[in-house]
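Q: Sharing a structure here in structure tokens format.
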Amino acid sequence: MEEVTKPARVIRVGSRKSQLALVQTNIIIEALQENFPDLRFEVVKIATKGDKILDVALSKIGDKNLFTKELENALYLKEVDFVVHSLKDVPTVMPPGLVLGCICNRVSPFDVVLMSNANRGKKLAELPRNSIVGTSALRRVAVLRRKYPHLDFSSIRGNLSTRLQKLDARRDTKNTDCESAHHPSTYDALILAEAGILRLGWQDRVDETLTDCMYAVGQGALACECRENDLEMQRLLMSIHDEPAALACIAERAFMSRLEGGCSTPMGVQTSLLPGGIAGADALAGRPRQLSMQAAVLSVDGSQCIKGHLNTLLPTSVPSIKAPGKRAADREGDPWLPPLKRARAWSGNWDSEPEESKDLWMKDEYSEEELKTAGDERAILLGLNVRPACAIARLRMARARRLGQELADQVRRAGADKILAAIIHPNVCTQSSSIPPADSHTQAPLKKAVLTDFAVMPTSRTV
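If you read the sequence shown in UniProt numbering, its first letter stands for residue 1, the second for the next number, and so on.
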């Protein structure tokens, strides 16, 4: 009797339709295929609202899940098993019943400059006055206006190929097939995320890497979203989870969530791990022992900037939970407490950060929330629920979250509160605002209904 070959299990992977999105989805599939050679993966291409609206700046559209809603609908309808995102597009609060199963494959988080043909080899500082720089991000405009006040900035939308075509269009072109031919001005330079350029293999077009500028929360990292009750997919995705990248991204997302930031709020971050490097992008460096973060909140025009910096050691074991009173009494003799310096986080103006601020650390004791997260395998941190994961891994993620939250609290008290109020509520005059609570680690059960309207999403959801 002939042996019947069992057909390979097919995993349906949701992806946006753009060239970069498909490249990123294939990166994920290749990593999973290496771990699970008996599985077969099928890409399901899905158009999102953000891909369709190309004539309006993202900050003016107002919706907070422009690049995720349709992908999440496909998850609800079980048309796909998981979807691939650029993490910077993913809100910090997920729809009920959906989670991020992994954060992985973080490459350079920095922005890069692509010059027009006439300016190849130049730096931004060398461009003539009133040169036009294309970017669609308020953060980039605010940061670069502050650093390069002689330049003009103009919004630009579209996929990377379209933007590059606009950059290369000549001002006197007669080619009506080129979209840029109808623009009143062309661009002297573009600002783009280096991660996308690297993944598309366009490194030869890069004229400058802006390593001295903070980057967007989660920039350069990929994430996979699945149904919370689909343990098979969670185990699958956990195999490609990258802890250094995840720790950096959790701290960054916690900072943004605490400040209720989004695409209309100019804020920049820079995290580093020891070992692990900038943004945790060096996945082969070994298990991180220390996490550092600096962040800034800017006014839309870049004229105001509040910046802060904070460090923490990362736990290597989980302490036994003691009664609240006893913990304080035994503080000095408890061997699990990391030897951190007791100092408050400094926050101040971007241009006047004292050198000693780089040596400031979080308080050494773990909070009750951190210990609670360590003991809860269903804990969700800024949308992330890696399963299976040990208690130590969850405690390390909880500490990264707390780092971002405490840094957000410090810059808010240092004056970021007024900047945020002017941006988020321009018609409301406030002297201060209360600090929102940390994200809950629990979520509602999975709902079968499709997401039909942005208004039904949680109000605290951020991009």
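In this text, a Cβ means the ideal position worked out from N, Cα and C, and glycines have one as well.
A quick note: this is a predicted structure, and the numbers were derived from the prediction, not measured.
1. Starting from the Cα of residue 232, find the closest Cα among 36, 26 and 77 and give me that residue.
2. Report back the beta-carbon spacing between residue 167 and residue 116 to the nearest angstrom; my notes put them in contact at under 8 Å.
3. On the DSSP bridge assignment, give the partners of residue 85 in chain order.
4. Quick one, which of 258, 217 and 228 has its alpha-carbon nearest residue 247's?
5. From the DSSP secondary-structure annotation, give me the bridge partner or partners of residue 361.
6. CA-CA distance, residue 141 and residue 318?
7. To the nearest angstrom, report how far apart residue 70 and residue 364 are at their CA atoms.
8. Only counting the same chain, and skipping five residues up and downstream in sequence, which positions put a Cβ closer than 6 Å to that of residue 306?
9. Taking its Cβ as the centre, do 16 or more other Cβ atoms sit within 10 Å of residue 253, making it buried, or is it exposed?
10. What three-state label does DSSP hand residue 161 in the structure shown?
11. What are the boundary residues of the alpha helix (DSSP H) that residue 292 is part of?
12. Check each candidate in 418, 299, 294 and 303 and name the one with the smallest Cα separation from residue 312.
13. Please report the residue range of the beta strand (DSSP E) in which residue 274 lies.
14. Just grab the DSSP bridge partners of residue 118 for me.
15. On a CA-only basis, which of 27, 31, 20 and 74 is nearest residue 12? Give me that one, please.
16. Can you have a look at residue 425 and say buried or exposed, based on whether 16 or more other CB atoms are within 10 angstroms of its CB?
17. Could you spell out the range, first to last residue, of the alpha helix (DSSP H) harbouring residue 138?
18. Would you mind stating whether residue 300 and residue 191 have Cβ atoms separated by less than 8 Å?
19. Between which two residues does the beta strand (DSSP E) carrying residue 250 extend?
A: Quick answer:
1. Locating residue 232 in the sequence shown gives position 232, counting from the first residue. If we check each option's Cα against that of residue 232, 36 comes out closest.
2. If you number the sequence shown from 1, residue 167 lands on position 167. If you number the sequence shown from 1, residue 116 lands on position 116. Indeed, because the Cβ distance is near 6 Å, the residues count as touching under 8 Å.
3. Locating residue 85 in the sequence shown gives position 85, counting from the first residue. DSSP lists 223 as partners of residue 85.
4. Taking the first residue of the sequence shown as position 1, residue 247 is located at position 247. The shortest C-alpha separation from residue 247 is found at 217.
5. Residue 361 sits at position 361 when you count from the first residue of the sequence shown. DSSP, once it has assigned bridges, lists 311 as partnering residue 361.
6. As a first step, residue 141 is located in the sequence shown; it is residue number 141 there, counting from the start. As a first step, residue 318 is located in the sequence shown; it is residue number 318 there, counting from the start. Using only the alpha carbons, I get a separation of about 43 Å.
7. Looking up residue 70 in the sequence shown gives position 70. Looking up residue 364 in the sequence shown gives position 364. Answer to the nearest angstrom: the Cα atoms are 43 Å apart.
8. Here residue 306 refers to the residue found at position 306 of the sequence shown. For residue 306, where only same-chain residues beyond five positions count, the Cβ hits under 6 Å are 297, 411, 414, 415 and 416.
9. Translated into the one-based positions of the sequence shown, residue 253 becomes position 253. By the neighbour-count rule (16 or more Cβ atoms within 10 Å), residue 253 is buried.
10. Here residue 161 refers to the residue found at position 161 of the sequence shown. Helix at residue 161.
11. Position 292 of the sequence shown, counted from the start, is the residue given in the question as residue 292. Unbroken run through residue 292 is the beta strand (DSSP E), 290-298; no alpha helix (DSSP H).
12. Your numbering for residue 312 matches position 312 in the sequence shown. Among 418, 299, 294 and 303, the Cα nearest to that of residue 312 is on 294.
13. Mapped onto the sequence shown, residue 274 falls at position 274. Residue 274 -> beta strand (DSSP E) spans 267-274.
14. Indexing the sequence shown from 1 puts residue 118 at position 118. BP columns for residue 118 are empty, so no partner.
15. Position 12 of the sequence shown, counted from the start, is the residue given in the question as residue 12. Residue 74 is the option with its Cα nearest to residue 12.
16. Residue 425 sits at position 425 when you count from the first residue of the sequence shown. By the neighbour-count rule (16 or more Cβ atoms within 10 Å), residue 425 is not buried but exposed.
17. Within the sequence shown, the letter at position 138 stands for residue 138. Residue 138 -> alpha helix (DSSP H) spans 138-147.
18. On the sequence shown, residue 300 is found 300 positions in, with the first residue counted as 1. On the sequence shown, residue 191 is found 191 positions in, with the first residue counted as 1. No, they are not a contact pair.
19. Taking the sequence shown and counting its residues from 1, one reaches residue 250 at position 250. Taken as a continuous stretch (DSSP letters only), residue 250 belongs to no beta strand (DSSP E), being part of the alpha helix (DSSP H) at 243-258.
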